[in-house]
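1 is the number of the first residue of the sequence shown in UniProt numbering; add one for each residue after it.
We put the beta carbon where it would ideally sit given N, CA and C, even for glycine.
As structure tokens, the structure follows; a few thoughts come after it.
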Amino acid sequence: MSGSGNLPPDLIKVVAERLDAKEFVIFRAACPSDLAGQYKAQKRAPWLISFTDAESLFWSMTRVEEVYRAQLPIAPSSSGLGVLCYQGWIAIALEGQLKLFNPISGIFTKLPVLEMLCRVHKFALSSNPSVSDEYVIMVHVQPATFAFCHPKDRAWTTQTYRPKSQIMDLIHFKGRFVALDENRQVITFNPQDNFNPQENLVIPNVKGSRRPHLVECSGSLLVVWHKDDWFSPDSMTEFRVYKVDLNEKACTEEKSLGTASIFLSDGCSFSAEFNARSRLPEIKPNHIYCVDFFPLWDRKILSYNMEDGRIETHPELMPRQAGTTPRWIQPTF
Numbered sequence: 001m002s003g004s005g006n007l008p009p010d011l012i013k014v015v016a017e018r019l020d021a022k023e024f025v026i027f028r029a030a031c032p033s034d035l036a037g038q039y040k041a042q043k044r045a046p047w048l049i050s051f052t053d054a055e056s057l058f059w060s061m062t063r064v065e066e067v068y069r070a071q072l073p074i075a076p077s078s079s080g081l082g083v084l085c086y087q088g089w090i091a092i093a094l095e096g097q098l099k100l101f102n103p104i105s106g107i108f109t110k111l112p113v114l115e116m117l118c119r120v121h122k123f124a125l126s127s128n129p130s131v132s133d134e135y136v137i138m139v140h141v142q143p144a145t146f147a148f149c150h151p152k153d154r155a156w157t158t159q160t161y162r163p164k165s166q167i168m169d170l171i172h173f174k175g176r177f178v179a180l181d182e183n184r185q186v187i188t189f190n191p192q193d194n195f196n197p198q199e200n201l202v203i204p205n206v207k208g209s210r211r212p213h214l215v216e217c218s219g220s221l222l223v224v225w226h227k228d229d230w231f232s233p234d235s236m237t238e239f240r241v242y243k244v245d246l247n248e249k250a251c252t253e254e255k256s257l258g259t260a261s262i263f264l265s266d267g268c269s270f271s272a273e274f275n276a277r278s279r280l281p282e283i284k285p286n287h288i289y290c291v292d293f294f295p296l297w298d299r300k301i302l303s304y305n306m307e308d309g310r311i312e313t314h315p316e317l318m319p320r321q322a323g324t325t326p327r328w329i330q331p332t333f
């Protein structure tokens with residue numbers, strides 16, 4: 001692949017879309033970065049990633065038993081390695097500077113100095129940093145500061161959310177950043193308005209639920225509640241899904257995901273579309289998948305059927321070498 005830069009982009013795209021997990025990572029390492037955004041097949045498939053003291057472990061749902069390893073620049077137990085987003089990037093503090101690190105591709109992206117980097121809680125990306133520098137990053141700094149940066153500006157824009165409520169989740173959705181606080185308030189940040197926080201609506205409360213998740217699914221913004229009972233042998237009981245209309249400031253409950261499925265984990269939630277020709281026969285549409293930790297020593301991948309509420313356990317999706325705290329990602333290369 002040393003001469004891949006001389007191949008027509010259309011040919012590279014055709015080849016990439018036919019590769020499986022391991023070959024895809026190798027192909028990306030040899031392929032010029034300006035072509036990385038031209039293929040979409042594998043990066044849309046769900047992967048899982050976990051961490052040990054010195055490396056990350058990751059595997060694709062296409063080859064669950066093939067667990068790949070990548071060295072980390074700092075141990076996960078250190079305060080320097082903090083936050084993972086669903087695209088597979090980590091916000092990491094090295095030498096007093098906030099950087100983005102892709103543990104699969106090994107790519108580093110420098111960011112401007114952020115004085116409050118030790119309190120970074122969550123972050124979201126508007127697009128893939130390895131493809132171009134046109135992306136915007138949003139960082140939530142505890143307790144109530146949001147910082148935004150376009151790499152070309154080489155400076156951060158900061159905003160304070162005055163209610164100072166804990167932020168439960170955040171996402172980039174159709175040109176805006178969207179956050180959800182502990183009072184179930186949906187807050188949007190529009191780059192056309194200098195990222196000033198705008199309160200949109202309060203979503204319905206679901207009694208007995210865990211932390212809510214913001215997910216883009218089939219062009220819609222969803223809030224997914226995980227309702228459970230910690231005193232039950234089966235900690236997962238049901239999910240409630242609400243569609244949020246930011247323009248109409250309305251919220252309606254969704255009973256079906258259609259041909260899509262949702263993958264939930266802390267700070268790393270997303271959806272993927274599946275059809276009859278999907279290369280992931282174990283993954284079914286109209287389901288919600290999550291990693292369950294009850295009890296803590298018995299990690300399980302569970303699915304919830306949106307049609308009938310049935311819960312299934314999927315040992316075939318969890319390899320023996322699973323590391324700690326597996327989380328779903330849609331890796332970008």
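Distance, Cα to Cα, serine 269 vs tryptophan 156?
26 Å
Mapping DSSP to helix, strand and coil, what is proline 315?
helix
Any idea which residues DSSP pairs serine 220 with across the strands?
Cys217
Apply the 10 Å Cβ neighbour rule to glycine 88 and answer buried if 16 or more other Cβ atoms are within range, or exposed otherwise.
Classification of glycine 88: buried, given that the 10 Å Cβ count is 16 or more.
Determine whether the beta carbon atoms of leucine 201 and valine 178 lie at a separation below 8 Å.
Note that the C-beta distance between leucine 201 and valine 178 is not below 8 Å.
Look at the alpha carbon of leucine 98 and the alpha carbon of isoleucine 137, and state the distance between them as a whole number of angstroms.
12 Å
Isoleucine 12 by DSSP, collapsed to three states: which one?
In the structure shown, isoleucine 12 sits in a helix (DSSP, three-state: H, G or I).
Specify the secondary structure class of glutamine 87 as computed by DSSP and reduced to three states.
coil
Relative to the C-alpha of residue 334, which candidate in Asp133, Ser303, Asn183, Phe189 has its C-alpha closest?
For the chain, the structure presents residues 1 to 333; residue 334 sits outside this window and is missing.
Bridge partners for tyrosine 289 per DSSP, in chain order?
Phe263, Ser303
Since tyrosine 242 and leucine 222 should fall inside the 8 Å C-beta cutoff, what is the C-beta to C-beta distance between them, to a whole number of angstroms?
Sure, about 7 Å apart at Cβ, within 8 Å.
With respect to the beta strand (DSSP E) encompassing isoleucine 171, which residues constitute its N-terminal and C-terminal limits?
167-173
Beta strand (DSSP E) containing lysine 99: first to last residue?
Here the beta strand (DSSP E) through lysine 99 covers 97-101.
When the Cα atoms are used, what is the spatial distance from alanine 70 to serine 56?
Distance between the alpha carbons of alanine 70 and serine 56 is about 5 Å.
If you draw a straight line from the alpha carbon of lysine 164 to that of arginine 119, how long is it in whole angstroms?
14 Å
So, using beta-carbon positions, are isoleucine 92 and proline 73 closer together than 8 Å?
The answer is yes: Cβ separation under 8 Å.
For asparagine 247 and glutamine 192, what's the separation of their Cα atoms in angstroms?
15 Å
In whole angstroms, what is the alpha-carbon distance linking proline 46 and proline 315?
16 Å
Measure the Cβ-Cβ separation of glutamine 159 and phenylalanine 123 and say whether it is below 8 Å.
no
Between glutamate 95 and lysine 249, what straight-line distance do the alpha-carbon atoms span, to the nearest angstrom?
Linking glutamate 95 to lysine 249 through their CA atoms gives a straight-line distance of about 43 Å.
By Cβ distance below 6 Å, which residues in the same chain neighbour phenylalanine 108 in space, the five residues on each side in sequence not counted?
Lys99, Phe101
Serine 261 and histidine 226 - do their beta-carbons sit closer together than 8 Å?
In this structure, serine 261 does not lie closer than 8 Å to histidine 226 by Cβ.
Which value, in whole angstroms, describes the spacing of the CA atoms of glutamine 166 and leucine 11?
For glutamine 166 and leucine 11, the distance between alpha carbons rounds to 48 Å.
Please determine, among Glu238, Leu114, Leu257, the residue with the shortest C-alpha to C-alpha distance to isoleucine 311.
Cα-wise, what sits closest to isoleucine 311 is Glu238.
Once you ignore the five residues that flank tyrosine 135 on each side, which residues in its own chain have a CB closer than 6 Å to its CB?
Leu125, Ser126, Ser127, Pro129
From the DSSP secondary-structure annotation, give me the bridge partner or partners of phenylalanine 177.
His172, Phe189
Grab me the residues of methionine 306's own chain with a C-beta within less than 6 Å of its C-beta, minus the 5 sequence neighbours each way, in chain order.
Only Ser256, Leu257, Asn286 meet the Cβ criterion.
Can you tell which of Ser132, Val186, Leu84, Val14 has its C-alpha closest to the C-alpha of proline 326?
Leu84
Please classify glutamine 330 as buried or exposed, where buried requires at least 16 other C-beta atoms within 10 Å of its C-beta.
buried
Check the DSSP bridge columns for threonine 62 and list the partner residues they point to.
In the DSSP output, where bridge partners are listed per residue, threonine 62 has none listed.
When you compare the CB positions of proline 112 and cysteine 149, do they come within less than 8 Å of one another, or not?
It is a contact, given that the beta carbons lie within the stated cut-off.
Assuming isoleucine 171 contacts glutamate 216 (C-beta within less than 8 Å), just tell me the rounded distance between them.
For a cut-off of 8 Å, the C-beta gap from isoleucine 171 to glutamate 216 is around 7 Å, short enough to register as a contact.
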